[in-house]
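Working notes for the structure below.
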Amino acid sequence: MTEAAAPSTPGRAIRSPALASHFHDLRQQHAAADLGLWIFLATEILFFGGLFAAYLVYAVLYPDGFLDAAAETEIVIGTINTALLLTSGLTAALAVKAAGAGMRRSVTMLIAVTIGLGLVFLGAKGYEYWLDLDHHLYPTSPEFPLAAPPAKLFWSLYWTMTGLHAIHILVGLGTWGIILFQTVRRSFSLTDNSRIRIAGLYWGFVDLMWLFIWPLLYLMGRAT
Amino acid sequence: MSDIPYRDVDVDGEKPGGRLMEESYLGERFSIWSWLTTTDHKRIGILYLISTTLFFFIGGAAATMIRLELFTPAGDLLTDDGYNKVFTLHGVVMVWFFLVPVIPSVLGNFLVPLMIGAKDLAFPRLNLLSWYLNILGGTFAVWAMLSGGVDTGWTFYTPYSTAFANTHVSLTAIGVFISGFSTIATGVNMIVTVHTMRPPGMGWFRMPLFVWAIYATSLIMLLSTPVLAMVLTLLVTERLLGLGIFDPNRGGDPILFQHLFWFYSHPAVYIMILPGMGVVTEVITCFSRRRVFGYAAMVYALLAIAVIGFFVWGHHMFTSGQSMYASLTFSFLSFIVAVPSAIKVFNWIATMYRGQITFEASMLYAMGFVGLFTMGGLTGLFLASVPVDLHLHDTYFVVAHFHYIMVGGMVSAFFAGLHFWWPKITGRLYPETAAQIAALLMFFGFNLTFFPQYILGNIGMPRRYHAYPDAFQVWHVLSSAGAVILAAAYLMPLGYLVWSLIWGKRAPSNPWRASGLEWQTGSPPPKHNFLANPKIEGSVYDYHPAQQPRREPSDD
Amino acid sequence: MGEVELVLPAATSAAVSTDGKLVGLLVISGLITLLVASLLGLFAVRFRRGSKAGRSRLPNWFSRELETVWTLATVGLFVAIFAWAASQDFALAVPPARSMEIHVVGKQWMWKAEHPGGQREINELHVPAGETIELVLNSQDVIHSFYVPAFRLKQDVVPGHTTRMRFHTEKTGTYRLFCAEYCGTQHSAMIGRVVVMAKEDYADWLTRQPEGDDLEEDGKKLFVSKGCAGCHYGSSQVRAPRLAGVYGSKVPLSDGRVVTADDDYVRDSILQPKRDVVAGFAPIMPSFAGALTEGELVSLTAYIRSLAVTETAR
Amino acid sequence: MSRATQHGRDGNRPAADRRSLLPPLMPELGVFLALFALTATSVLVAFWSALGGLAILACLAIALVMAALVMTFFMHLRSAMAVMMLAGLAGVVWLAILFGLTMADYLTRPGDLGASMQTPVKAETKAEAAN
């Protein structure tokens, strides 16, 4: 990627206050930021991958136990949440696009909608947790309703997967919140700064993980 | 001992950097606060040097207690619990707070931008954050130790760690988890820097092998550490929240923990050794005055180790009840991953062939590295073959094997690098004779400590034993005696290096007349690394006859 | 005391062949180490700065060829060692015609063994020489590892799994037994000895053991005392499958699968009765997990196994 | 930072365009509709396909397609540099290594996998301990 460092960039970019002193030009700086985040996302894939590996092993060891246990999850809430996340994925992608075009009003609105959808997601998740606890679907609950031991494995994975995903949503919402604040304050250049693109990438990843968590936890064991 | 060449000779066209102390990264606006908030990769390298040294001596103190306890067969110095906590502390601190960060974060941080001719790493603030995370993680681990310790061994095997240990397992695991973020931050920084920050002229195959080594290491860090993070998360949720997925009472499989754990921890061994290989390549080429033998082969070997290293983790599990077919596959792949390591050893030796070899302390360390790494690597073959491993697994043979790699290899390489770049880092020359004595003492002490452990393993002494049968005592006494020498040898550099900071001679910008870009700037370098763009010309390791007097002018 | 030990006795056939591999590897790696060390030493002396040795430049093709040669040589050598070592695995994997089963339970911090005749011992294991013996290993708590250096064998004992360790004893003697997998506070006290005795001595030893009921007898008593007989016996009220002749047969399950009733199946049916319910029966049996010890389970299984033998053609 | 400099830097588009409420909606909106359709398909497959317990495999296949769409369009992998695709790919390949070699153990164990797992017995009577 030496090309990125080639000294053939227009002077406009070099003068930008968004350019850090150790970079040659904005193109190099943006390439570094994007690559950095993609690499980070690769590590995130492997982070969740450890959990998916555990799921795979136990689903192969105890296929019936897992089908039975998965039938107890709240599929309606899960599916609504899928729709919410996909919609927020759309608004986030559009926000990135708008930022590239310097459309500040549009960026502000799209980020606000993204945050709103994320908050609704968390709200639904919270309600779902409340229902789960009400049904004693917590592995240490003395009244855990499912008899086969592997059901507790499934529900441990359920809480861990959705919990870690929710933490990622929280981090994403925090990031969006700060960026929204900065956008409204006009404290950074939409086009020269890569933070909206970075946040958009991260949010896309959070979407992506849910796309796999959703079938594994909610769509399992529904066939009649 | 040997005459030290080129001490007072500087490169042609000396850059103005080294002359003015106030321009250097060290002297500029000195205050504690300016150091704690610095984003300069060189200063962060120094911060890491201080913290890893601290952790090294904490881990070393634990090692000393282990060796003292094992002096006699009966468990007399420590209680059994105490002993278990001490070896756990030794493992946790040495692995995660010394070996993993030491070369990438100290030397890598300091040198990678200098070596490729960049002003800084791509993400300077992330770099600083990584140090704070490392310190925070280490604080958790040390806090766990001070508030009663942890006794699971650094491997945290379930179900002992989840359901039976009453010690501070979660606290320690959280500490290691946090340090994992630090590792990932460093890895991201290094990879992005190498990809995007090289100036024109610094092509991929123009990079010094140290940079390649850090690049390969970073790949492993990034691809393995997240799985460790997950397995520790699962461990902690099982302990604290009852979300057990390794619990046999629920049909959980403790072997799954081992799979996930070793998916990280075997590649982590290469995180610990690859940077050492990079350092040794720089040192051997410099003091042999030779271009490295087989540059391309060295690069491919590094990358091959990084990739194949992920396919061999099951050789830690031959006795666990893992399927025989899986064991044989892992065994085969483990033999294959030894090939690129062997290639590197041959290349280092071939680099010395027809060289102009001098024996500065770094060269002594580097030669020690080649020998000890060879022994550590070859004994790895014993453990890679299934029937022999059934006997030697979890014995002192394993302990000796990985200490040959980690201590004989990695620690030697770190000292080689520390001495080699000390003049660049501090602007001071260290006393050569003292350093040479320390290097030899370390080599001797190391072998006396760990060679008897091969024999102990072979006669059946299991790991992590607090008391042992009398028949093993002779070898334990030898080992403990070696440890005393080793401890003294480790204290020596602490003394003379600190001494050199105050009384050492000022270093010229290129005391070794080495070829890397880092030697084209002042010692210590100025804040922004280079006052003028460094000259990237010729090939890497261009140890040219014109730069040095040689007897045969026909050479090269 | 304090004698120097350098060579381990080889008490099993595996030990003899492992020793072969070990010595072979020692010779190979010794030679390579010697080669590396002497080249390092030789070059360091011969090409020290200012020495008279010739230093003309090597042609490029030479270094390429050399690189290829040693790469291929290393690959060849390592693959050969692998194949040689792996051949032993394949040999060990073939189950012997007949073997003597001894149940061993590892728990913090002791080894408990139970012989086929019901004789029990703790931290000791007596076995006859010249026999193929299969240890059936279970753990009651954490992972342990059954390690007899003189056998050159160790096998982890993992809770949740039944692991097996098979060996053919060759040499009589008393050998050390260790727990090789770290298991907690008194890990280093989880040691004992394995005594390999001549067959006659072993038979003699067995008779001298205190009155241990044999496994089947033990199991029969448990079958009554733990309440199994209440349902699984002919006159009982609750509908539950009879167990005579079940062992070793194919059992149709309520979900359509057919399984073979072996040790693991019996064990699981006791501990997790709802998992594999026999066709035609309601899943009403309670789990006995926690109500039975590992030893009691072994006895119960042995009793159920014996029912198969008595009922079918003997 | 002054408002004037900011605006100067916010691209070369005319001011009116920059003030419009939304950026061009295509192709993101189209992709979004496709994702919704796939979500619905996934639910249908999960409930009413003839695959029984294996329906989850079909759902995961659909999830893969959806993930590819999200990466390509929402995460702009389309216009990213090759090395970034490589980074993402590395994550997936290494995941395959983790899954593959772990399952290489579990799938080649002798006997029925799930049935060979047992519940260890924790409680032990005093008498047994004393024995």
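Residue numbers (this note's numbering), protein chains in the order written: chain E, 213 to 436; chain Y, 3 to 558; chain G, 41 to 354; chain D, 134 to 264.
Backbone N, C-alpha and C define an ideal beta-carbon position, used for all residues, glycine too.
Within the 7 Å Cβ cut-off, does residue i reach chain Y?
i: SER228 (chain E); result: no
i: TRP149 (chain G); result: no
i: HIS377 (chain E); result: no
i: ARG233 (chain G); result: no
i: TRP101 (chain G); result: no
i: SER355 (chain G); result: As shown, chain G starts at 41 and ends at 354. That puts residue 355 (chain G) outside it, with no answer to give.
i: LEU210 (chain D); result: no
Would you kindly work out how many angstroms separate the C-alpha atoms of residue i and residue j, rounded to a whole number?
i: THR428 (chain Y); j: PRO526 (chain Y); result: 6 Å
i: SER182 (chain D); j: LEU279 (chain E); result: 15 Å
i: VAL171 (chain Y); j: GLY155 (chain Y); result: 10 Å
i: THR197 (chain E); j: TRP501 (chain Y); result: In the structure as shown, chain E starts at 213 and stops at 436, and residue 197 (chain E) therefore has no counterpart that could be examined.
i: VAL372 (chain Y); j: GLY224 (chain G); result: 37 Å
i: ALA231 (chain Y); j: PHE259 (chain E); result: 7 Å
i: PHE57 (chain Y); j: LYS61 (chain G); result: 40 Å
i: ILE216 (chain Y); j: PHE417 (chain E); result: 27 Å
i: PRO161 (chain Y); j: MET204 (chain Y); result: 51 Å
i: SER53 (chain G); j: PRO256 (chain Y); result: 31 Å
Give me the Cβ distance between residue i and residue j, rounded to the nearest whole Å; I'm assuming they're in contact under 8 Å.
i: THR451 (chain Y); j: ALA485 (chain Y); result: 5 Å
i: VAL233 (chain Y); j: PHE263 (chain Y); result: 5 Å
i: THR294 (chain E); j: TRP422 (chain E); result: 7 Å
i: ALA324 (chain E); j: LEU392 (chain E); result: 6 Å
Comparing the C-beta of residue i with each C-beta of chain G, is any distance below 7 Å?
i: HIS468 (chain Y); result: yes
i: TYR406 (chain Y); result: no
i: ALA282 (chain E); result: no
i: ALA336 (chain E); result: no
i: SER26 (chain Y); result: no
i: THR451 (chain Y); result: no
To which residues of the same chain is residue i closer than 7 Å at the C-beta, ignoring the five residues directly before and after it?
i: LEU79 (chain Y); result: LEU70 and GLU71
i: ALA491 (chain Y); result: ALA440, LEU443, MET444 and GLY447
i: GLN277 (chain G); result: Reliability of the predicted coordinates at GLN277 (chain G) is poor, the pLDDT of 49 falling under 50, and the value obtained from them is presented with this limitation in mind. Cβ within range, chain order: n/a, list empty.
i: LYS194 (chain G); result: SER185, PHE186, TYR187 and ALA220
If we define contact as Cβ-Cβ less than 7 Å, is residue i a contact residue for chain A?
i: GLN358 (chain Y); result: Chain labels in this structure do not include chain A; the protein chains are E, Y, G and D.
Taking C-beta pairs closer than 8 Å, name the residues in chain Y that residue i reaches, listed in chain order.
i: THR372 (chain E); result: THR235, LEU236, THR239, LEU245 and ILE247
Could you confirm whether any beta carbon from chain D is found closer than 7 Å to the beta carbon of residue i?
i: LEU325 (chain Y); result: Rather than Leu, the amino acid found at residue 325 (chain Y) in this sequence is Ser. So yes, SER325 (chain Y) belongs to the interface.
i: GLY253 (chain Y); result: yes
i: PRO354 (chain E); result: no
i: ALA254 (chain E); result: yes
Spatial neighbours of residue i within its chain, please: C-beta separation below 8 Å, excluding the five flanking residues on both sides.
i: ALA265 (chain E); result: none
i: PHE384 (chain Y); result: VAL390, ASP391, LEU394, PHE399 and HIS403
i: ILE327 (chain E); result: LEU385, TRP388, GLY389 and LEU392
i: ALA331 (chain G); result: LYS266
i: GLU284 (chain Y); result: PRO210, LEU211, PHE212, GLY419, PHE422, ALA516 and GLY518
Take residue i and list the residues in its own chain whose beta-carbon comes closer than 6 Å to its own, dropping the five residues that flank it on each side.
i: THR239 (chain Y); result: LEU245
i: HIS478 (chain Y); result: LEU72
i: ASP122 (chain Y); result: HIS43 and PRO115
i: ILE344 (chain G); result: LEU283, TYR287 and VAL306
Cβ closer than 7 Å: which chain E residues qualify as neighbours of residue i?
i: LEU228 (chain D); result: ILE257, LEU258 and GLY261
i: THR235 (chain D); result: ALA265 and VAL269
Which chain D residues sit within Cβ distance under 7 Å of residue i?
i: VAL229 (chain Y); result: LEU231
By the criterion of Cβ-Cβ separation under 7 Å, what are the contact partners of residue i in chain G?
i: ALA359 (chain E); result: LYS314
Run through chain D and tell me which residues come within less than 8 Å of residue i, C-beta to C-beta.
i: PHE424 (chain E); result: LEU193, ALA196 and ALA200
i: ILE251 (chain E); result: ALA220
Please compile the residues from chain Y whose C-beta is within a distance smaller than 9 Å of the C-beta of residue i.
i: HIS227 (chain G); result: ASP82, ASN86, PRO464, ARG466, TYR467 and HIS468
i: ALA244 (chain E); result: ALA124, PHE125, VAL194, THR195, HIS197, THR198 and MET199
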